[in-house]
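Asks: So the sequences go chain by chain: W and E.
All residue numbers for the first sequence refer to this note's numbering, where the first residue is 18 and numbers rise by one.
All residue numbers for the second sequence refer to this note's numbering, where the first residue is 18 and numbers rise by one.
This is the structure I have questions about; it appears just below.
2 protein chains.
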Amino acid sequence: MQRHSSGAFAEMRVNAEDSIPSSALRADEGEIPDIVIRRLPIYARSLKYLAEEGVETVSSGELGNRLGVSAAQIRRDLSYFGEFGKQGKGYNVDFLLSQVNAILGIDKEWPVAIIGFGHLGRALLHYDALKAQGFRIQALFDHNPEKVGQKVDNLVIHSMDELPALLREQKIKMAILAVPAGGAQEAADALIDAGVRAILNYAPIIVQVPPYARIRHIDPLVALQSMTYYLYNDEEGPQAGIGRNGREYRARSGKLD
Amino acid sequence: MQRHSSGAFAEMRVNAEDSIPSSALRADEGEIPDIVIRRLPIYARSLKYLAEEGVETVSSGELGNRLGVSAAQIRRDLSYFGEFGKQGKGYNVDFLLSQVNAILGIDKEWPVAIIGFGHLGRALLHYDALKAQGFRIQALFDHNPEKVGQKVDNLVIHSMDELPALLREQKIKMAILAVPAGGAQEAADALIDAGVRAILNYAPIIVQVPPYARIRHIDPLVALQSMTYYLYNDEEGPQAGIGRNGREYRARSGKLD
DNA sequence: CCGACTCTGTGAATATTGTTACAATGTAGC
DNA sequence: GCTACATTGTAACAATATTCACAGAGTCGG
Numbered sequence: 018m019q020r021h022s023s024g025a026f027a028e029m030r031v032n033a034e035d036s037i038p039s040s041a042l043r044a045d046e047g048e049i050p051d052i053v054i055r056r057l058p059i060y061a062r063s064l065k066y067l068a069e070e071g072v073e074t075v076s077s078g079e080l081g082n083r084l085g086v087s088a089a090q091i092r093r094d095l096s097y098f099g100e101f102g103k104q105g106k107g108y109n110v111d112f113l114l115s116q117v118n119a120i121l122g123i124d125k126e127w128p129v130a131i132i133g134f135g136h137l138g139r140a141l142l143h144y145d146a147l148k149a150q151g152f153r154i155q156a157l158f159d160h161n162p163e164k165v166g167q168k169v170d171n172l173v174i175h176s177m178d179e180l181p182a183l184l185r186e187q188k189i190k191m192a193i194l195a196v197p198a199g200g201a202q203e204a205a206d207a208l209i210d211a212g213v214r215a216i217l218n219y220a221p222i223i224v225q226v227p228p229y230a231r232i233r234h235i236d237p238l239v240a241l242q243s244m245t246y247y248l249y250n251d252e253e254g255p256q257a258g259i260g261r262n263g264r265e266y267r268a269r270s271g272k273l274d
Numbered sequence: 018m019q020r021h022s023s024g025a026f027a028e029m030r031v032n033a034e035d036s037i038p039s040s041a042l043r044a045d046e047g048e049i050p051d052i053v054i055r056r057l058p059i060y061a062r063s064l065k066y067l068a069e070e071g072v073e074t075v076s077s078g079e080l081g082n083r084l085g086v087s088a089a090q091i092r093r094d095l096s097y098f099g100e101f102g103k104q105g106k107g108y109n110v111d112f113l114l115s116q117v118n119a120i121l122g123i124d125k126e127w128p129v130a131i132i133g134f135g136h137l138g139r140a141l142l143h144y145d146a147l148k149a150q151g152f153r154i155q156a157l158f159d160h161n162p163e164k165v166g167q168k169v170d171n172l173v174i175h176s177m178d179e180l181p182a183l184l185r186e187q188k189i190k191m192a193i194l195a196v197p198a199g200g201a202q203e204a205a206d207a208l209i210d211a212g213v214r215a216i217l218n219y220a221p222i223i224v225q226v227p228p229y230a231r232i233r234h235i236d237p238l239v240a241l242q243s244m245t246y247y248l249y250n251d252e253e254g255p256q257a258g259i260g261r262n263g264r265e266y267r268a269r270s271g272k273l274d
């Protein structure tokens, strides 16, 4: 099943049609599960750290240990897109990273809008990791007339009325929604109408989007609440202070998160 | 299968042993899947909004529509814990909300520590929704000697050295980790040693905890990166501006998030 | 070049999660 | 009280996701 006969990793290619066609290499054979797509950025992040540490090669087992995921899962996930490894050796870190980045499209620059410029919106604008990873905040919107017109960094806060025209003009496909729950669905509808196809929602409500768009929800409250159940019900584990912490354990269930 | 013969919702009880024993009502018959536990807070949130709207009764179908989830899934999820509904009518909003809150244990107060008092830590301390839902920030820690000793609100920022003693003393079981990636695993280990059993991690790295503890990861960057794939690969959907937005659609896949 | 070892990619088996479909129960109008 | 209708809880089924396990390739030290 290996097609690259030998040679250095840098020459490894995925299949006949040298270099990546358009990403989603083997994605012809059926759809790729979303759950796989969601793990890819986590693999990419870990690979980035490995590269920074100067590690050249990593096996699915090692990577899995770092992430608390089984080696088989990593191999299977990657196999949706091609063959990136070498028997007996593992994966070349730089090569695999570049491939995963290309698959996800995160080797490109993505313009992003922020809707809602309260504390959270402001914090996100100044969150440097976004810029560092290619997400460029390019438009700000707020409902509040007092804020509209204000200048932040080199951006002006726009009114929601201007949203459709500006987003289309700038071909913005991604937005971060940081408005109160009450206005979130309405804002999302406006975004979709304006051509946005991916929304990161911070509002504490499930916002619905049509099937041709994507949304992810971030809510610390919900995350905390989903853990209290176990605090309340389990009563296991060493008493605090007893039991030395060697941390040989891997993640609870082989599931990320 | 219905045991409550009739009577008002307020009198409904789940089974013989009146009132909730310790939560996890029917949780004897095997373990409850984590994925179910994760949906519960979302149901609870929606029920809270319904209650605030003055709605008295809701069917699994209506609730499912609000959340983009199938009615059957909601019924199945709830059935792990008991029988809360009434044929022909649905669920009493107040009653179901109180039951779900009790199952999750979010009708209690939970003391929480914040580790890492940078911008994010500060923002979380002042995020009122946490307090409003019973999460009381009760201890702050930072690695930076310049910050240690400073007073914020009525809390003092403590050094990491003090963490074990303070957390045990205050019986703190939950923590929010808001430190840089480099220090996250070490900090988590310290938390676990100090008796913490649930961690909300904001550091951009997969932090591993032993099987008797829980962790959830929040990372906007990863969330955005998992959506670029679709922007990059799909090219479906109405062109922006065409196609009226009636929003009859429900969520893409019947999956939350 | 050999032999012992490592590690990938994947078919098959298993485990987990979600849906369908319906009996049982209750509602509501008259 | 009777009839038409709504809705639950769940068994059976279907679909998804994960792991097992191994053939095939490649490594590595001498």
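The beta carbon of each residue, even a glycine, is placed where N, CA and C say it ideally should be.
1) Are the beta-carbon atoms belonging to A211(E) and L194(E) less than 8 angstroms from one another?
2) For P162(E), decide whether its Cβ has a neighbour in chain W, counting only Cβ atoms nearer than 8 angstroms.
3) Within 8 angstroms (strictly less), CB to CB, does G200(W) reach chain E?
4) Expressed to the nearest angstrom, what Euclidean distance is found between the alpha-carbon atoms of K17(E) and S77(E)?
5) With three or more C-beta pairs closer than 8 angstroms as the rule, is the stretch 90 to 98 of chain E touching the stretch 210 to 229 of chain W?
6) Per DSSP, what are the beta-bridge partners of R153(E) in this structure?
7) In angstroms with no decimal places, state the Cα-to-Cα distance between A207(W) and E73(W).
8) Just checking my contact of A205(E) with V224(E) at CB under 8 angstroms: how many whole Å lie between their CB atoms?
9) Residues in the stretch 113 to 133 of chain E with C-beta within 8 angstroms of chain W's C-beta atoms, listed in sequence order?
10) What would DSSP say about F158(W), mapped onto helix, strand or coil?
11) Checking contacts by CB at 8 angstroms: is I91(E) closer than that to chain W?
12) Grab the span of the alpha helix (DSSP H) containing V239(E) for me, first residue to last.
13) With distances taken between CB atoms, is the gap from G189(E) to Q155(E) smaller than 8 angstroms?
14) Spatial neighbours of I235(W) within its chain, please: CB distance less than 8 angstroms, with the 5 preceding and 5 following residues excluded, ordered by chain position.
15) List, in chain order, every chain W residue whose beta-carbon is nearer than 9 angstroms to that of G287(E).
16) Between D251(E) and the rest of its own chain, which residues show a CB-CB distance below 8 angstroms, the 5 nearest in sequence each way excluded?
17) Can you confirm whether the stretch 108 to 118 of chain W touches the stretch 159 to 172 of chain W when touching is taken to mean that 3 or more C-beta pairs between the two stretches lie within less than 8 angstroms?
18) Just verifying my parser: in three-state terms, what is the DSSP assignment at Y66(W)?
19) Identify the contact partners of D274(W) in chain E, using a Cβ-Cβ distance below 7 angstroms as the criterion.
20) Roughly how many angstroms lie between the CA atoms of A89(W) and L273(W), to the nearest whole one?
21) Rounded to whole angstroms, how far is the Cβ of I132(W) from the Cβ of F152(W), which I believe are closer than 8 angstroms?
22) Using CA coordinates, which residue listed in Y246(E), K148(E), P237(E) and Y229(E) is at the minimum distance from Y249(W)?
23) Return the residue from the list I123(E), E48(E) and K103(E) that minimises the CA-CA distance to Y60(E).
24) With a threshold of 16 other CB atoms inside 10 Å of the CB of R231(E), please say whether the residue is buried or exposed.
25) Please classify Q202(E): is it buried, with 16 or more other beta-carbons within 10 angstroms of its beta-carbon, or exposed?
26) Give the list of continuous beta strand (DSSP E) stretches no shorter than 3 residues that lie fully inside the stretch 65 to 118 of chain W.
27) On the DSSP letters alone, give me the boundaries of the beta strand (DSSP E) that A215(W) sits inside.
28) At 8 angstroms on the CB atoms, spell out the chain W contacts of M191(E), in chain order.
29) Can you check DSSP and say which residues form a bridge with M191(E)?
30) Counting C-beta neighbours from all protein chains within 10 Å, is the total for G271(W) 16 or more, i.e. buried, or is it exposed?
31) Please state if the CB of V129(E) and the CB of L64(E) are separated by a distance shorter than 8 angstroms.
32) When we look at the beta-carbon of Q187(E) and count the other beta-carbons within 10 Å, is it buried (16 or more) or exposed?
33) Near L67(W), which residues of its chain fall below 7 angstroms by C-beta distance, leaving aside the five closest residues on each side in sequence?
34) Consider the Cβ of F101(E): report whether some Cβ of chain W lies at a distance smaller than 8 angstroms.
35) What are the boundary residues of the beta strand (DSSP E) that H234(E) is part of?
36) Could you tell me which residues DSSP puts in a beta bridge with K168(E)?
Replies: Well, looking at it:
1) The residue labelled residue 211(E) in the question sits at position 194 within the second sequence. The residue labelled residue 194(E) in the question sits at position 177 within the second sequence. No, these two residues do not count as a Cβ contact at 8 angstroms.
2) One-based indexing of the second sequence puts residue 162(E) at position 145. No, P162(E) lies away from the interface with chain W (no Cβ there is under 8 angstroms from its Cβ).
3) Here residue 200(W) refers to the residue found at position 183 of the first sequence. No, no contact with chain E.
4) Chain E is shown from 18 up to 274; residue 17(E) falls before or after that span and cannot be answered.
5) Taking 8 angstroms as the limit for Cβ pairs, the verdict is that the stretch 90 to 98 of chain E does not touch the stretch 210 to 229 of chain W.
6) Residue mapping note: residue 153(E) aligns to position 136 of the second sequence, counting from 1. DSSP lists P128(E) as partners of R153(E).
7) The sequence position of residue 207(W) within the first sequence is 190, counting from 1. The sequence position of residue 73(W) within the first sequence is 56, counting from 1. Separation of A207(W) and E73(W) (C-alpha to C-alpha, rounded to the nearest whole angstrom) is 46 angstroms.
8) Indexing the second sequence from 1 puts residue 205(E) at position 188. Indexing the second sequence from 1 puts residue 224(E) at position 207. Their Cβ separation, rounded to whole angstroms, is 5 angstroms, which keeps A205(E) and V224(E) in contact under 8 angstroms.
9) From the stretch 113 to 133 of chain E, only I120, L121, G122, I123, K125, W127 and V129 have a Cβ closer than 8 angstroms to chain W.
10) Indexing the first sequence from 1 puts residue 158(W) at position 141. Assigned with DSSP and collapsed to three states, F158(W) falls in strand.
11) Taking the second sequence and counting its residues from 1, the one referred to as residue 91(E) is at position 74. Not one chain W Cβ lies under 8 angstroms of I91(E).
12) Position 222 of the second sequence holds residue 239(E). Here the alpha helix (DSSP H) through V239(E) covers P237 to N250.
13) By one-based count along the second sequence, residue 189(E) stands at place 172. By one-based count along the second sequence, residue 155(E) stands at place 138. The question names Gly, yet the displayed sequence has Ile at residue 189(E). For I189(E) and Q155(E), yes; Cβs fall inside 8 angstroms.
14) In the first sequence, counting from the first residue as 1, residue 235(W) sits at position 218. Same-chain partners within the cutoff: L217, N218 and Y219.
15) There is simply no residue 287(E) to check, as chain E begins at 18 and stops at 274 in what is shown.
16) By one-based count along the second sequence, residue 251(E) stands at place 234. There are no such residues.
17) Put simply, the stretch 159 to 172 of chain W does not touch the stretch 108 to 118 of chain W. Fewer than three CB pairs are less than 8 angstroms apart.
18) Counting from 1 along the first sequence, the entry for residue 66(W) is found at position 49. Per DSSP, reduced to three states, the secondary structure at Y66(W) is helical.
19) One-based indexing of the first sequence puts residue 274(W) at position 257. Close partners of D274(W) in chain E (Cβ separation under 7 angstroms): R233 and H234.
20) As a first step, residue 89(W) must be located in the first sequence, where it is residue number 72. As a first step, residue 273(W) must be located in the first sequence, where it is residue number 256. For A89(W) and L273(W), the distance between alpha carbons rounds to 14 angstroms.
21) Stepping through the first sequence from its first residue, residue 132(W) is reached at position 115. Stepping through the first sequence from its first residue, residue 152(W) is reached at position 135. About 15 angstroms separates the two Cβ atoms, so there is no contact after all.
22) As a position in the first sequence, residue 249(W) is number 232, starting the count at 1. Of the candidates Y246(E), K148(E), P237(E) and Y229(E), the one whose C-alpha sits nearest the C-alpha of Y249(W) is Y229(E).
23) In the second sequence, counting from the first residue as 1, residue 60(E) sits at position 43. Out of I123(E), E48(E) and K103(E), I123(E) has the C-alpha closest to the C-alpha of Y60(E).
24) Counted from its first residue, the second sequence places residue 231(E) at position 214. So R231(E) counts as buried.
25) Counted from its first residue, the second sequence places residue 202(E) at position 185. A residue is called buried once 16 or more other Cβ atoms fall within 10 Å of its Cβ, and Q202(E) is buried on that count.
26) For the stretch 65 to 118 of chain W, whole beta strand (DSSP E) runs of length 3 or above, ordered along the chain, are 107 to 109.
27) Along the first sequence, read from residue 1 onward, the residue named residue 215(W) stands at position 198. For A215(W), the enclosing beta strand (DSSP E) starts and ends at A215 to N218.
28) Residue 191(E) sits at position 174 when you count from the first residue of the second sequence. The answer, in chain order, is L241, M244, T245 and L248.
29) The residue labelled residue 191(E) in the question sits at position 174 within the second sequence. According to DSSP, which records beta bridges pairwise, M191(E) is partnered with V129(E) and A215(E).
30) Mapped onto the first sequence, residue 271(W) falls at position 254. G271(W) comes out exposed.
31) Here residue 64(E) is taken as the residue at index 47 of the second sequence, counted from 1. Here residue 129(E) is taken as the residue at index 112 of the second sequence, counted from 1. One thing to note: L64(E) has its Cβ no nearer than 8 angstroms to the Cβ of V129(E).
32) Counting from one through the second sequence, the residue named residue 187(E) turns up at place 170. Burial state of Q187(E) is exposed, judged by a 10 Å Cβ sphere holding fewer than 16 other Cβ atoms.
33) Locating residue 67(W) in the first sequence gives position 50, counting from the first residue. Sequence-distant partners of L67(W) (beyond 5 residues in either direction) whose C-beta falls short of 7 angstroms from its own C-beta, in its chain, are V75 and V110.
34) Against the second sequence, residue 101(E) aligns to sequence position 84. Interface criterion not met: the Cβ of F101(E) is under 8 angstroms from no Cβ in chain W.
35) For the purposes of this step, residue 234(E) is taken as residue 217 along the second sequence, with counting starting at 1. For H234(E), the enclosing beta strand (DSSP E) has its first and last residue at R231 to H234.
36) Working through the second sequence from its first residue, we reach residue 168(E) at position 151. In the DSSP output, where bridge partners are listed per residue, K168(E) has V173(E).
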